[in-house]
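Here is the structure we will look at, set down as structure tokens.
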Amino acid sequence: MNELHGSKKLFEEAKRLTPGGVHSAIRFSSPYPLFISRAIGAKICDADGNEYLDYHLGFGSVLLGHCHPKVNAAVKDQLDKGIIYGLSHELEVEAARKISAHVPSAEMVRFCSSGTEATYHAIRAARAYTGRKKIVKFEGAYHGWHDFVSVSSSPSLSEAGPEESPTPVPDTDGLTEASKETIVVPFNRPEILEKVVKKNRNHIAALITEPVLHGSATCIPPQNGFLRFLREITREHGIVLLFDEVVSGFRYHLGGAQKLFDVVPDVTTFAKAMANGFPVGAVCGNEDIMSKFKPTGNVEYGGTYNGNPISMAATVATIKELEGGKIHQHLFNLGQMLRDHLEGYVAELGLVAQVVGFGSVFQLLFTDKQIVEYRDTLAANKEDFMKFQKGMMQKGVFLIPQPNKRCHISAAHTKEDVERTVEAAREILWKMKGN
Ligand code: PMP
């Protein structure tokens, strides 16, 4: 076994070599980020030799558990046949056939390598298809880091403006005019969206949304009929309805959350869980829109790694495993059990907190404000969450170290793992109450 260098020591060197010592800004956490040495099943080990039950799971991309034997076997088999061809091959066809069979909106499928690429391609295609420029996104939603969507992903209340017409707040310096075409509205507020659509009629190319809002809003399910309302209003005004299922896709259902909620968008994007953590993305949609991509249409679409045989082998193996049919039931049962227990302790201890989540996703929010949209989550006490997260770490349970994100469960987690987790949570919450 390699000698362990420890997170603190590794970070000292990393921050000299890499801005902030991290390769994705969100990975920094104070005083230094955890460096991981291995991850297998439901467990993750850090560079100091500590083992944790993992509820981060690569931001939710590990759905079946780390190093799933069948997915890894498919990848190992492919490693000996070729890593990249830059040419077409059978696994691409098999992966597309499976996605098309399961996902209601996926008449056609195009692969890429990440969620950001997928939403970029999808928006471009929607603009080409409609001949319009504007897009609508929800406040607090994250759809990747490109200019089209890099506004109001996590604005503070002081910058966000009035709820009826939120100010689009740039997520980053260096944005171009492309970001100015993006209109921001609150999730779960049909009356506000309706006004915005009417005001901008004939200019909106696409409405992009997650069916269940995650991003910087933890996890907020759509309220009754909200997705159906989105379907109707977009259809009425010739707007492309784009479901970004990068998180929800395959995590909540093999057919995407669209299958669960029975609302079919025009275009869907996938990434993360579709290959159990191997880098992949996909744009899916009806033939009219998808055929806008070159070479059938005139919308550019390239990528050296698109459909590479390693990611395709992982995609096919992941879908085959999910086709067994029992995994989502297991995930949903564990999610419900975990949320119910946590909610019970919150009530028992009289804490100002609540548990949010859906299916195999959960988060603890230290506020009693009813959570309907992103702004409500800003009422949550972040310091309390970080105290809870650090306490859980000391008990060997790794929750996501960001109060505004969410925790995930994998198929490798067991009932016993969840029991251990909620027992640890009870102890930490009890201590936090001042005992
Ligand atoms: N869409 C959603 C809903 C996401 O959560 C993310 C990533 N967290 C993305 C798009 C971007 O995906 P990627 O990080 O693979 O580029």
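Each number in the numbering used here comes from the position in the sequence shown (counting from 1) with 1144 added on.
Backbone N, C-alpha and C define an ideal beta-carbon position, used for all residues, glycine too.
In this text the structure is predicted, and so the values were computed from the model without any measurement.
Any non-hydrogen atom of the ligand PMP closer than 7 Å to residue i Cβ
i     : result
E1354 : yes
D1315 : no
S1360 : no
V1295 : no
F1203 : yes
A1415 : yes
T1260 : yes
H1287 : yes
V1390 : yes
G1425 : yes
T1521 : no
T1263 : yes
Residue of the options minimising C-alpha distance to residue i
i     : options                    : result
F1506 : G1468, K1549, E1467        : K1549
H1485 : G1469, R1564, S1249        : R1564
F1292 : E1303, S1300, A1269, S1302 : A1269
N1442 : T1448, Y1449, N1450, I1433 : I1433
L1508 : K1220, S1300, S1173, I1572 : I1572
H1149 : R1160, A1191, G1503, H1167 : A1191
L1482 : H1552, E1444, V1460        : H1552
G1503 : I1184, G1400, G1421        : G1400
L1404 : H1212, S1249, L1235, K1577 : S1249
P1545 : Y1199, I1327, H1381        : Y1199
I1267 : K1278, G1382, G1305        : K1278
E1567 : V1490, I1243, N1525        : V1490
G1425 : G1185, H1167, H1246, S1205 : S1205
Q1514 : G1451, C1428, Q1367, E1389 : Q1367
R1345 : M1576, V1356, I1383, T1320 : I1383
K1559 : G1494, F1476, R1570, V1499 : F1476
N1194 : F1373, G1209, M1537        : M1537
H1246 : P1439, G1318, G1429        : G1429
S1300 : G1288, R1160, D1315        : D1315
L1359 : V1215, Y1196, E1251, P1547 : According to the sequence as given, residue 1359 is Gly; it is not Leu. The option with the nearest alpha carbon to G1359 is P1547.
Q1222 : D1512, N1452, F1510        : N1452
L1478 : H1557, A1350, K1324, I1184 : H1557
I1227 : K1470, E1492, I1454        : I1454
F1373 : L1337, V1356, G1288        : L1337
T1362 : V1340, F1331, E1335        : F1331
Coarse secondary structure for residue i, derived from DSSP in three states
i     : result
R1570 : helix
A1350 : strand
E1157 : helix
M1145 : Its pLDDT being 44, under 50, M1145 is placed unreliably by the model, and nothing is read from it.
K1534 : helix
K1577 : coil
H1474 : helix
L1508 : strand
A1304 : helix
H1552 : strand
K1438 : coil
K1416 : helix
L1515 : According to the sequence shown, residue 1515 is Ile rather than Leu. If DSSP states are grouped into helix, strand and coil, I1515 belongs with coil.
F1542 : strand
V1341 : helix
F1292 : helix
K1277 : coil
G1421 : coil
F1179 : coil
A1322 : helix
G1429 : strand
V1460 : helix
Neighbour flag for residue i against chain C, beta carbons, 8 Å
i     : result
V1219 : No chain C is present in this structure, which holds just one protein chain.
*asked:* Threshold first: 3 residues or longer. Then list the beta strand (DSSP E) segments lying entirely within the stretch 1183-1271, N to C.
replied: Segments of the beta strand (DSSP E) lying fully in the stretch 1183-1271: 1187-1190, 1195-1198, 1252-1256.
*Go through the stretch 1345-1397 residue by residue and report every complete run of the alpha helix (DSSP H) that reaches 4 residues or more, in order.*
Counting whole runs of 4 or more residues, the stretch 1345-1397 contains the alpha helix (DSSP H) stretches 1370-1380.
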